[in-house]
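Undergrad: One structure is given below, represented as structure tokens, and several questions about it will come after.
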């Protein structure tokens, strides 16, 4: 029997969930998205995914052409199919893989979202052909996935690799996990937005002009791009925000490089859209602070 040509891939973020139709070569043929936080009930969320999936799969032959679903979700347990204790989601301790399978009528496998990103890099991306690498995702939170000797590291319970909840600042900012000073509280997109908003308030109180204020007034809100865009326009207050953000991000990356010595460390998530400017700033710090020859940062 001929294999069905497509799979559905789900990237569940704390803010947005992106669903795509993918072929055997890793090409994304169609995609759609919904707001993750718009559905307090998990069944409403999955039903919304199903409705959107119908729209993008129908032109490709319908669900009859789909072999299964692979989902990267925060705190997704590869072993059990459960979402367990995800800080940035409205649902806790739910059998997500089973709920998806029941609604779609397809087999579903889940893993941590950063692990899923690492698998993608290992199969189709920057780490193709490599056996030891790290994937970091910078979004609502900070995710991380580790591959050693060509195998994803899950640990005995499926939750290995949560480097976002390693302390980088003693007694620092409170994280969604309840601890203080976690890397996630300083290096996620959420953290960058908070730092930007705090700098804006500080500038306003001091009567200090900043291009960030004009950008926020035009956009209607602070985003993860505000400080970077204003910095590129020559704004000094924005540069102060970016410098602090880069410092903490680079500290965590340097720790990872020193611990695991990867062939490649790949960065994904919304902040990675800053591209070479972000990479150059990180490389300068990590090369100076890591213990030996630096891993590549694609």
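In our numbering, the protein residues as written are 524 to 821.
Glycine included, each C-beta is placed from N, C-alpha and C at the ideal position.
(1) Can you name, in chain order, every residue of its own chain whose Cβ lies under 7 Å from the Cβ of residue 814, other than the five neighbours on each side?
(2) Hey, residue 617 and residue 606 are a contact pair by Cβ (cut 8 Å); roughly how many whole angstroms apart?
(3) Is residue 676 helix, strand or coil when you go by DSSP?
(4) So who's on the other strand from residue 506, going by DSSP bridges?
(5) So which of 585, 719, 764 and 570 has the shortest CA-CA distance to residue 624?
(6) May I ask you to verify whether the stretch 596-615 touches the stretch 579-586, counting CB pairs closer than 8 Å and requiring at least 3?
(7) Where do the N-terminal and C-terminal ends of the alpha helix (DSSP H) with residue 720 fall, by residue?
(8) Pair every Cβ in the stretch 763-779 with every Cβ in the stretch 711-727, then say whether three or more of these pairs are closer than 8 Å.
(9) If you count every other CB in all the chains shown that lies within 10 Å of the CB of residue 602, and 16 or more means buried, which is it?
(10) Starting from the C-beta of residue 643, find all residues in its chain whose C-beta is less than 8 Å away, skip the five residues before and the five after it, and write them out in chain order.
(11) Kindly indicate the opening and closing residues of the alpha helix (DSSP H) around residue 755.
(12) Where do the N-terminal and C-terminal ends of the beta strand (DSSP E) with residue 554 fall, by residue?
(13) Taking only runs that begin and end inside the stretch 606-650, name each unbroken alpha helix (DSSP H) of 4 or more residues, in chain order.
TA: Short version:
(1) Within the same chain, 781 come within 7 Å of residue 814 by CB-CB distance, once the 5 residues on both sides are set aside.
(2) Indeed they touch by this definition, with Cβ atoms about 5 Å apart.
(3) DSSP, reduced to helix, strand and coil, places residue 676 outside both helices and strands of the structure shown, so it counts as coil.
(4) What the structure shows of the chain is the stretch from 524 to 821, and residue 506 is not part of that stretch, so it cannot be assessed.
(5) Ranking the options by Cα distance to residue 624, first place goes to 570.
(6) They do not touch, by the three-pair rule.
(7) Counted as a single uninterrupted DSSP element, the alpha helix (DSSP H) harbouring residue 720 occupies residues 712-729.
(8) Result yes; three or more Cβ-Cβ pairs closer than 8 Å.
(9) Exposed, by the Cβ-count rule.
(10) Contacts found: 549.
(11) Its alpha helix (DSSP H) spans residues 749-755.
(12) Taken as a continuous stretch (DSSP letters only), the beta strand (DSSP E) holding residue 554 covers 551-558.
(13) When DSSP assignments are scanned along the stretch 606-650, the uninterrupted stretches of alpha helix (DSSP H) that are 4 or more residues long and fall wholly within it turn out to be 619-627 and 636-647.
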